[in-house]
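Numbering (the numbering used here), first residue to last: 32 to 245.
For every residue, glycine included, the Cβ atom is placed at its ideal position computed from N, Cα and C.
Please read these numbers as outputs of a predicted model, since none were measured by experiment.
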Amino acid sequence: MTKPIIILGGGGHAKVLIDILRRLNCRLVGIVDPNQSVGSVLHGLNVLGADNAVFNYSAAEVELINGVGSLPKDKGLRASLFNTFNDKSYHFKTLVDPTAFIAADVELSDGVQVMAGVIIQAGTKIAENSIVNSGAIIEHDCRIGRHVHIAPGAVLSGTVEVGDYVHIGTGAKIIQSISIGAGSIIGAGSVVTQDIACSQIVYPPRSKIKSIER
Ligand SMILES: CC(C)(COP(=O)(O)OP(=O)(O)OC[C@H]1O[C@@H](n2cnc3c(N)ncnc32)[C@H](O)[C@@H]1OP(=O)(O)O)[C@@H](O)C(=O)NCCC(=O)NCCS
Numbered sequence: 032m033t034k035p036i037i038i039l040g041g042g043g044h045a046k047v048l049i050d051i052l053r054r055l056n057c058r059l060v061g062i063v064d065p066n067q068s069v070g071s072v073l074h075g076l077n078v079l080g081a082d083n084a085v086f087n088y089s090a091a092e093v094e095l096i097n098g099v100g101s102l103p104k105d106k107g108l109r110a111s112l113f114n115t116f117n118d119k120s121y122h123f124k125t126l127v128d129p130t131a132f133i134a135a136d137v138e139l140s141d142g143v144q145v146m147a148g149v150i151i152q153a154g155t156k157i158a159e160n161s162i163v164n165s166g167a168i169i170e171h172d173c174r175i176g177r178h179v180h181i182a183p184g185a186v187l188s189g190t191v192e193v194g195d196y197v198h199i200g201t202g203a204k205i206i207q208s209i210s211i212g213a214g215s216i217i218g219a220g221s222v223v224t225q226d227i228a229c230s231q232i233v234y235p236p237r238s239k240i241k242s243i244e245r
């Protein structure tokens with residue numbers, strides 16, 4: 032029997048995760064969120080308090096879901112929450128939407144979240160607290176680091192290596208055997224055909240916009 036679950040954060044990413052958890056019939060204790068008042072109801076769940084309300088439950092009796100999403104230039108709240116509670120022996124549940132296809136030998140570490148319609152092929156390994164967002168495709172034998180966000184619809188061809196804290200933007204495409212250094216950001220819609228060093232931003236060509244004259 033799985034343990035009851037507390038969700039950290041009550042924003043849009045949390046809302047999607049709660050929907051998955053409900054479809055999996057998980058037992059949900061409530062949400063912790065410093066921006067909501069204790070006792071209010073959010074996404075149909077009780078707000079238990081700020082983050083430290085987790086400590087009203089022992090690490091043995093609950094599991095956590097990191098409901099804080101991640102954007103390319105945010106301040107790393109998602110990673111710091113994971114590290115804080117992980118250091119105190121709380122376990123982050125690995126969550127896979129039932130509509131995702133995950134090959135049999137894929138390895139997903141603690142706290143990895145795989146959203147609707149994702150495909151992850153054989154031999155791929157994904158490290159702690161990373162998100163594979165809706166409709167993304169990760170081909171065979173990829174290595175994905177910790178605290179990575181692979182945004183909706185991104186495609187990683189086979190044997191791609193992605194460092195820690197990387198953001199791969201919506202709809203970006205990475206050809207086979209590319210390496211992306213830690214902390215880099217791949218802009219939405221980019222096509223990456225060469226290795227990317229650490230802490231780089233990749234900008235794709237911008238769409239041309241013209242007014243329609245009728
Ligand atoms: C790449 C990215 C991080 C750039 O952010 P930034 O450095 O703050 O860039 P800015 O918004 O200041 O834009 C700088 C310039 O690059 C252009 N640009 C930015 N992102 C672009 C993109 N993805 N494609 C094409 N052009 C882009 C901007 O139009 C702007 O052009 P200008 O100087 O001619 O006006 C961001 O645009 C992006 O693609 N983020 C990914 C979003 C995502 O994946 N969301 C998923 C949420 S689930």
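Can at least three beta-carbon pairs, one atom from the stretch 32 to 50 and one from the stretch 96 to 104, be found at a separation below 8 Å? The stretch 32 to 50, when compared against the stretch 96 to 104, does touch it at the 8 Å Cβ threshold.
Give a yes or no on whether the C-beta atoms belonging to Gly80 and Val93 are separated by under 8 Å. no
Is Gly43 helix, strand or coil when you go by DSSP? helix
Can you look up Ile62 in the DSSP assignment and give me helix, strand or coil? In this structure, Ile62 counts as strand in the three-state DSSP scheme.
Under 8 Å between the Cβ atoms of Thr201 and Ala219? yes
So, helix, strand or coil for Val85, using DSSP? In the structure shown, Val85 sits in a helix (DSSP, three-state: H, G or I).
Residue of His180, Val127, Val149 and Asp118 minimising C-alpha distance to Lys104: His180
Continuous beta strand (DSSP E) assignments of at least 3 residues falling wholly in the stretch 115 to 194: Qualifying beta strand (DSSP E) stretches: none in this window.
Going straight from the alpha carbon of Arg237 to that of Gly184, what length do you get? 18 Å
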